[in-house]
Amino acid sequence: MSNNYLSIKQASEILGVSTLTLRNWDKNGKFPATRHPINNYRVYKIDDLKKFMESFGQKQQNTTISKAQAKKLIVTHLND
Numbered sequence: 536m537s538n539n540y541l542s543i544k545q546a547s548e549i550l551g552v553s554t555l556t557l558r559n560w561d562k563n564g565k566f567p568a569t570r571h572p573i574n575n576y577r578v579y580k581i582d583d584l585k586k587f588m589e590s591f592g593q594k595q596q597n598t599t600i601s602k603a604q605a606k607k608l609i610v611t612h613l614n615d
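Note that my numbering has the sequence shown beginning at 536, numbered continuously upward.
In structure tokens:
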């Protein structure tokens, strides 16, 4: 395959997750892999990896805190 693809190990190192996590994400559709035509190994398109990282970053920025976290912040603030 061309240089536009990464192995599962390379993709896992870039994302900071294990190869097992990437396999699970592929199985459940969270981040599907492309299969190498000769050996059927999972490979990842660089463009797909970039898009996934961008969408993951946006989700992280939009995350809200839980009620328990909010209560802890209020208690900490009141105690200060």
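Every residue, glycine too, gets a C-beta built ideally from N, C-alpha and C.
Practice prompt. Starting from LYS580, follow the beta strand (DSSP E) in both directions and report where the run begins and ends.
Written response: 577-580
| task | Report the residue from HIS571, ASN575, SER590, PHE591 whose alpha carbon sits nearest the alpha carbon of ASN538. | result | Ranking the options by Cα distance to ASN538, first place goes to HIS571.
* Start-to-end residues for the alpha helix (DSSP H) that takes in SER547 -> Per DSSP, SER547 belongs to the alpha helix (DSSP H) from 543-550.
CA nearest to the CA of ASP582, picked from TYR576, ILE573, PRO567 = PRO567
* For VAL578 and LEU541, believed in contact at Cβ under 8 Å, the rounded distance -> 7 Å
Chain C contact for ILE581 (CB, 9 Å cutoff): The structure shown contains no chain C; it is built from a single protein chain.
What does the alpha-carbon distance come out to for the pair ILE573 and TRP560?
22 Å
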